[in-house]
Amino acid sequence: MKSLQIAATGMAAQQMRVDVISNNIANMSTAAYRPRSAEFSDLVYQQYLTPGTSTSQVGTLVPAGIQIGTGVRPSTVSMELTQGALNPTDAELDLAIDGSGYFEITLPSGESAYTRDGKFNRGQDGQIVTMDGFPLTDGIIIPDDAQKISISRDGEVVAYFAGVTEGQAIGNIQLVRFVNEKGLEAMGDNLFRETQASGTPTQLVPGTEGAGFIRQGFLEGSGVDVVKEISELIEAQRGYELNSKVITASDEMLAATTRVK
Amino acid sequence: MSNAIYAMLGRQQGLMQEMQVVANNLANSSTTGYKSDRALFGEFLVATGSQSSSLSMGGLAGHSFAMAQGALKITGGEMDLAIQGDGFFLVNTEQGQRLTRAGHFQLSTDGQLVDMNGSAVLSSGGTPINIPQNASEIRVAADGTVTISAGDGLPPQEVGQIGVVTVDEEATLVRDSNSYFSAPDGHRPAENNEIVQGALEQSNVSPVLEVARMIEVQRAYEAGQALFEREDQRVSQIISAIRNG
Chain A
836 MKSLQIAATG MAAQQMRVDV ISNNIANMST AAYRPRSAEF SDLVYQQYLT
886 PGTSTSQVGT LVPAGIQIGT GVRPSTVSME LTQGALNPTD AELDLAIDGS
936 GYFEITLPSG ESAYTRDGKF NRGQDGQIVT MDGFPLTDGI IIPDDAQKIS
986 ISRDGEVVAY FAGVTEGQAI GNIQLVRFVN EKGLEAMGDN LFRETQASGT
1036 PTQLVPGTEG AGFIRQGFLE GSGVDVVKEI SELIEAQRGY ELNSKVITAS
1086 DEMLAATTRV K
Chain B
59 MSNAIYAMLG RQQGLMQEMQ VVANNLANSS TTGYKSDRAL FGEFLVATGS
109 QSSSLSMGGL AGHSFAMAQG ALKITGGEMD LAIQGDGFFL VNTEQGQRLT
159 RAGHFQLSTD GQLVDMNGSA VLSSGGTPIN IPQNASEIRV AADGTVTISA
209 GDGLPPQEVG QIGVVTVDEE ATLVRDSNSY FSAPDGHRPA ENNEIVQGAL
259 EQSNVSPVLE VARMIEVQRA YEAGQALFER EDQRVSQIIS AIRNG
C-alpha cells in the first residue's frame, strides 16, 4: 500500500516547512536576518505503462500511459534576498548595507566569514569588531584618541580628533559580493561562509559594480514578514492534516482488506 | 474461483493505484509548479471460453494531468518567476532538455540562470542565460526578456530571453521527478502567456477535490470488499448445499 508512504513523505515535507517557518519567526528581530523558504519537488514516477508504447501491431500508441508518483521531497531551503528595513540607531559604528553585499570578517581561525549584520564596536586594539569580537578584514585601526568616526556611503572611514577640525582618513571598508548569494552556507551568529555554490567573493567599493551603499548610524532589521509567515504556517498545518487523512483512509482500506477472511 | 471475484480484483487493484495518485497529489499540494494527476479507468474484455460470453473487466488504463493554472504566490524574489498562461520553462538537465513550471531560479557559480536543481534555464532557442557579475538588479519582462542594470549611471543591458515552450499534445508529456516533464515529441515556442517576476506558481492541487476523491475511492474499495464477502458466502452456501443435498 504505497499511499501510506506517499502520505508520509507529504507529512515530512510539511513538517520541514513548519521548521523553516518557526526559525523565521524566531528570527523576526535578528539584525539583517533573511527569511528562508522551503521549496519542494515531486519524487520519481513509477512507469506502469509508458506513454508512446505501442498497443497493436499496426502501431497504435498509448496516448497517456500510467505513471504513478511516489511523493514529495524538499528540494531547497533558500534564502530570500530581501532588503531588511534600515533602523536608525545613531551609534557611530552601526553600519547597514543599503543594497547588495556583505561585510568580510576574519574569524579567529584566520578563515573569512561574511555578514550583513553591521553592529560593530571598537575592539581593544582599535579594530572594528563584531558583537562576538571578530574583526573586519579591512584592517582599519581606530586611533585611541579619536573622538568621532565618520563613515561615508562608499566606505571611507575618517577619524576626528579633539581640537582638530580636519578629519584624518584611516581606511576604507569594502563590501564583497557573490555570484550566487543563495549558495552561501549559514554558520549561525549571522555569519556566512563561502562555498563552491556561492562562487568566490569579489571585493568592491560600496556603491560600485552592483554593491550597495553603507549607511552609518543604521542597522538593517530582519527581513521576516510575520503576517506572511503566519499564513504560510496555516497552510503548512492544513497540508499536514490533509496528508494524515490519506493515511487514515489508506488504513481503513487495508482494514477492509483484512476483514474479508 | 468465480469470475465475479476476478472482475472485482481488477477493480480493487485499480482503486489502490488511484489512492496512490490521490496521495501523491496531496503530498505535492505545496510543490511549486506541480500539476495534479488523475487516474483513468478503462474496460477490457477477457474471453471466458468458447461457449460463454466474454467477461468485462475494469483496470487502470491511463492518467491525465490537469494543466489548469495554479495560483500565483507573490514572493518578491527577483529570480522567482511564474508563467501566467500556457507553456513551460525550458531547462537543460543531464538527461536532456526538460519542461517545468517551477520557476524558483537562482544563479550558478559561473553566473548562469539555473533552477533549484542546478539545471540551466534556456531561451526557446536552447541557449543559457548568463547574468554578468556586476548586475545590481535583474528585471524580467512579461515576454521573458532579461534586463540587468549595472550600477549608477550605466544604461540597462539586455542579456537574453527566457524561453517559454509548449507541446502540441499535452498528453504526450512524460512526468519526471523534480517537477520536470519531458517532451519526447519535441517542443515549440508557446503563445498566450506572460512571465510574472517575483511570484511562484503554486501547486494546482485542489484539496477539496482530492479529499472527495479519496473518500470515493475508499468507499468504493470497501464496497468491493463487501462483494468479496458476499461472493464467498454464496460459494460456501453452494458447497454446503451440495454436501447436504
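First to last, the protein sequences are chains A and B.
Numbered per the working numbering, the first sequence spans residues 836 to 1096.
Numbered per the working numbering, the second sequence spans residues 59 to 303.
Positions of the beta carbon are idealized from the N, C-alpha and C atoms, including for glycine.
Quantities reported herein were computed from a predicted structural model and do not represent experimental measurements.
What does DSSP give as the partner residue(s) for residue i in the beta ladder?
i, result
"B:Leu171", "B:Leu165"
"B:Asp95", "B:Phe123"
"A:Lys1080", "Answer is none; A:Lys1080 lacks a bridge partner."
"B:Val149", "B:Arg156, B:Val179"
"A:Ile984", "A:Ala994"
"A:Tyr949", "A:Glu939, A:Phe1027"
"A:Lys1134", "With chain A running from 836 to 1096 in the structure shown, residue 1134 of chain A is simply not present."
"A:Asn1007", "A:Glu991"
"B:Asp138", "B:His162"
"B:Pro186", "B:Leu180"
"A:Ala1091", "Answer by DSSP bridge pairing: none, since A:Ala1091 is not bridged."
"B:Lys131", "B:Leu258"
"A:Asp854", "According to DSSP, A:Asp854 bridges with nothing at all."
"A:Val964", "A:Asn956, A:Pro970"
"A:Val907", "A:Asp877"
"A:Gln1038", "A:Val1011"
"A:Ile1049", "A:Ile932"
"A:Asn922", "A:Leu1054"
"B:Phe286", "Looking at the DSSP assignment, B:Phe286 forms no beta bridge with any residue, so it has no partner."
Suppose the cutoff is 8 Å on Cβ atoms and the five residues either side in sequence are ignored; what does the same chain contact list for residue i look like?
i, result
"A:Pro970", "Ile940, Thr941, Gly958, Gln962, Ile963, Val964"
"A:Asn858", "Arg871"
"A:Pro923", "Gly1052, Phe1053"
Could you check how far apart the C-beta atoms of residue i and residue j are, in whole angstroms? I think they sit under 8 Å.
i, j, result
"A:Ile901", "B:His121", "6 Å"
"B:Leu283", "A:Ala1091", "Checking the displayed sequence, the identity of residue 283 of chain B turns out to be Gln instead of Leu. The pair is a contact, with the Cβ atoms about 4 Å apart (cut-off 8 Å)."
"B:Gly169", "B:Pro190", "7 Å"
"A:Gly1052", "A:Glu927", "7 Å"
"A:Pro909", "A:Met846", "That belief does not hold up - the Cβ atoms of A:Pro909 and A:Met846 are roughly 12 Å apart, past 8 Å."
"B:Asn236", "A:Ile841", "About 17 Å separates the two Cβ atoms, so there is no contact after all."
"B:Ala85", "A:Thr1037", "B:Ala85 to A:Thr1037, Cβ: 41 Å. No contact."
"A:Arg988", "A:Phe1048", "4 Å"
"B:Ile187", "B:Val217", "7 Å"
"B:Glu287", "A:Val1095", "6 Å"
"B:Arg69", "B:Gly135", "That pair is no contact at about 47 Å."
"A:Gly1045", "B:Asn192", "5 Å"
"B:Thr205", "B:Gln215", "7 Å"
"A:Phe1027", "A:Tyr949", "5 Å"
"A:Ile903", "B:Gln142", "Not really, about 29 Å apart at Cβ, beyond 8 Å."
"A:Leu921", "A:Glu1016", "Not quite, the Cβ-Cβ distance comes to about 19 Å (not below 8 Å), so this is no contact."
"A:Gly953", "A:Ile984", "Not quite, the Cβ-Cβ distance comes to about 13 Å (not below 8 Å), so this is no contact."
"B:Glu227", "B:Met125", "Actually they are not in contact, since the Cβ atoms of B:Glu227 and B:Met125 sit about 12 Å apart, beyond 8 Å."
"B:Ala160", "B:Asp173", "7 Å"
"A:Ile975", "A:Asp960", "About 11 Å; that fails the 8 Å criterion."
Can you find the residues in the same chain that come closer than 7 Å, C-beta to C-beta, to residue i, ignoring five residues on each side of it along the sequence?
i, result
"A:Gly919", "Ala867, Glu1055, Gly1056, Ser1057, Gly1058"
"B:Lys131", "Ala257, Leu258, Gln260"
"A:Asp1024", "Asp967"
"A:Asp973", "Gly1006, Asn1007, Ile1008, Gln1009"
"A:Val1081", "Ser838, Ala842"
"B:Tyr279", "Gln70, Leu73"
"A:Ile986", "Leu930, Val992, Ile1008, Ile1049, Gln1051"
"B:Ala119", "Leu98, Phe99, Gly100"
"B:Ser87", "Ser261, Val263, Pro265"
Excluding sequence positions up to five away, which residues of its chain have a Cβ less than 6 Å from the Cβ of residue i?
i, result
"A:Ser1098", "One cannot answer for residue 1098 of chain A here, as it falls past the ends of chain A, which runs 836 to 1096."
"B:Tyr238", "Arg156, Thr158"
"B:Met137", "Phe163, Gln164"
"B:Glu76", "Ala97, Val275"
"B:Ser240", "Arg156, Val232, Asp234"
"A:Gly1002", "Val993, Tyr995"
"A:Thr1030", "Gly1018, Glu1020"
"B:Ala62", "Glu289"
"A:Asn1078", "Ala842, Gly845, Met846"
"B:Asp243", "Thr230"
The segment 243 to 260 of chain B in contact with the segment 1046 to 1066 of chain A per 3-pair CB rule at 8 Å: no
State whether the segment 170 to 183 of chain B contacts the segment 136 to 153 of chain B, with contact taken as three or more CB pairs (one from each stretch) at a distance under 8 Å. yes
For the segment 191 to 254 of chain B, list the beta strand (DSSP E) runs that are entirely contained and at least 3 residues long, ordered along the chain. 195 to 198, 203 to 207, 215 to 219, 222 to 224, 238 to 240
Closer than 8 Å is the cut-off here; do at least three beta carbon pairs connect the segment 86 to 100 of chain B with the segment 252 to 262 of chain B? yes
Three or more C-beta pairs under 8 Å: does that hold for the segment 1065 to 1073 of chain A against the segment 876 to 883 of chain A? no
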